[in-house]
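Quick note: the sequence shown uses this note's numbering, first residue 40, plus one each step.
Beta carbons: idealized from backbone N, C-alpha and C, even for Gly.
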Amino acid sequence: MEYLKQYLNQTDGLYAFNGRLSRSGFFIGQLLLMIFISMVTVPIAYFLAIYAPQLVVDAGKSLPIWVGLIVAIYVFVYLNVFVINVAAMARRFRDAHVSFYNFFWMLLPFIGTAVLFCQLMRRPVEVQND
């Protein structure tokens, strides 16, 4: 649980971009957050996939408003997870002494993911404040 607390940056706030994050804290926190999010969103997605066609037939070609609310919650959760992941990557880049501009590697389909992963795997750099 300590890794998830470090990943979520409880000292400075959930969306804080300042601070540092170790490799183990980043990857274990990412794994735990994805497991938690999948426990929330996958049942919602299965529910919508199974029952939405029947709901459309029952509602007379229009979906009930609660289906729209579920989809809005689904999108809200994923946008929050994206911002939390970007903040964690910024702290991990700072710990590895890598430029913030490495985020742009995400724009390249396959090579970008590999380069970004390699940058996130770098060893931490000890910083001397003189």
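Exposure of Asp51, with buried meaning 16 or more beta-carbon neighbours within 10 Å: Per the 10 Å Cβ criterion, exposed.
C-alpha distance - Val125 paired with Ile104, whole-angstrom precision: 32 Å
Own chain partners of Trp144 with C-beta closer than 7 Å, once the 5 adjacent residues on each side are dropped: Cβ neighbours of Trp144 beyond the five flanking positions: Gly151, Val154, Leu155.
Same chain, Cβ closer than 6 Å to Asp169, five either side skipped, listed in chain order: For Asp169, the predicted model reports a pLDDT of 47, less than 50, meaning its position is unreliable and no value from the coordinates is stated.
Beta-carbon proximity of Met128 to Leu159, cut-off 8 Å: yes
Per-residue burial, Asn48 [other beta carbons within 10 Å of its own, 16 or more giving buried]: buried
Straight-line gap, Val164 to Tyr113 (C-alpha atoms, nearest Å): 38 Å
Three-state secondary structure (DSSP) of Asp169: Low confidence applies to Asp169: its pLDDT is 47, below 50, so where it sits in the model is not reliable, and the reading given next is rough at best. Coil.
Secondary structure of Ala55, DSSP reduced to three states: coil
Beta-carbon spacing of Arg162, Arg59 below 8 Å: no
Neighbourhood of Asn141 by C-beta, 8 Å cutoff - its chain only, sequence neighbours within 5 removed: Phe132, Val154, Leu155, Gln158
Pairwise C-alpha distance: Ser138 and Tyr85: 40 Å
Proximity of Leu53 and Ile123 at Cβ, strictly below 8 Å: yes
Cβ shell of His136 (< 6 Å), same chain only, five flanking positions each side left out: Val164
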